[in-house]
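The working numbering applies: residue 54 is where the sequence shown begins, and numbers increase by one.
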Amino acid sequence: MKNLQLLGLILVIVGSFLPLVHVPIIGNWNYWQLDHYLAIFCWIFCACAVFGIVNNRSVLVNTFAVFLLILFVFTLFAVKYQATSYFSFLPFKSWTNALAGTVKLKWGWFVEFLGALIMLFVKNKPKAQ
Numbered sequence: 054m055k056n057l058q059l060l061g062l063i064l065v066i067v068g069s070f071l072p073l074v075h076v077p078i079i080g081n082w083n084y085w086q087l088d089h090y091l092a093i094f095c096w097i098f099c100a101c102a103v104f105g106i107v108n109n110r111s112v113l114v115n116t117f118a119v120f121l122l123i124l125f126v127f128t129l130f131a132v133k134y135q136a137t138s139y140f141s142f143l144p145f146k147s148w149t150n151a152l153a154g155t156v157k158l159k160w161g162w163f164v165e166f167l168g169a170l171i172m173l174f175v176k177n178k179p180k181a182q
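This is the structure in C-alpha cells:
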C-alpha cells in the first residue's frame, strides 16, 4: 500500500503546480502564486508524509494528510475572503459580490484533495512474519 500512498503524495505535490485559481486579466495561479508561505507549508507537510511512508508509520502519514486537508480548506476560505475584501472599496455590496465572483476556483483543487484523501484512507498493512 506504500505505492498508493506515494501516488497520493505525488498528486498533492503535482497539484500544487496546477492552476488552482483563475484571476481575471492576471490568469491562472498555482499554490506558489497564491501565497508563498502556504505553498511552503504544503511542501513541508508532504516531506513529513514521505518520512512516514518510507518508515511505515501510518499514524504519521494520516496526521499529515489531515494537516494537508485542513491547509487546503483554509486556503479556499482565504481565497474567497481575499477576493471579497479586495473589492470592498466599491460603494455597493452587489458590485463587490459581482467582482469577487469573477475569481474562480480551478480543477487543480480536485487533484490536491484527491491526493490527500488517498494518503488518508489507504492503510499500510503490516508485513506478516
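Glycine is no exception: its CB is placed at the ideal position from the N, C-alpha and C atoms.
Margin query: Can you tell me where the alpha helix (DSSP H) holding Asn56 begins and where it ends?
Written below: Bounds of the alpha helix (DSSP H) holding Asn56 are Lys55 to Gly68.
Note to self: For the stretch 103-112 against the stretch 155-168, do three or more pairs of beta-carbon atoms, one drawn from each stretch, fall closer than 8 Å, so that the two count as touching?
What the structure shows: A contact is defined here as three or more CB-CB pairs under 8 Å, and the stretch 103-112 fails this definition with respect to the stretch 155-168.
Note to self: In whole angstroms, give me the CA-to-CA distance for Val156 and Phe70.
What the structure shows: Pairing Val156 with Phe70, the inter-Cα distance amounts to about 18 Å.
Note to self: Can you confirm whether Phe166, when its beta carbon is compared against all beta carbons of chain C, has any partner nearer than 8 Å?
What the structure shows: The chain labelled as chain C is not found in the depicted structure, where only one protein chain is given.
Check: DSSP beta-bridge partners for Asn81?
Finding: His75.
Item checked: Status (buried if at least 16 other CB within 10 Å, exposed otherwise) for Asn108 -> Answer is exposed; the Cβ neighbour count stays below 16.
Margin query: Between which residues of its own chain and Ala118 is the CB-CB distance below 7 Å, once the five residues before and five after are set aside?
Written below: Ala102, Ala169, Met172 and Leu173, listed in sequence order.
Note to self: Could you check whether His75 and Asn81 sit closer than 8 Å to each other, using their CB atoms as the reference points?
What the structure shows: Yes. Within cutoff.
Notebook entry, point to check: Cβ atoms of Val112 and Gln58: under 8 Å apart, would you say?
Noted result: Not a contact, by the Cβ cut-off of 8 Å.
Next item on the list: Using the Cα positions of Phe145 and Leu152, report the straight-line distance between them to the nearest angstrom.
Entry: Cα to Cα, Phe145 sits roughly 11 Å from Leu152.
Note to self: Applying the 10 Å Cβ sphere with the 16-neighbour rule, what's the burial state of Ala100?
What the structure shows: Using a 10 angstroms sphere on the CB of Ala100, the tally of other CB atoms stays under 16, which defines it as exposed.
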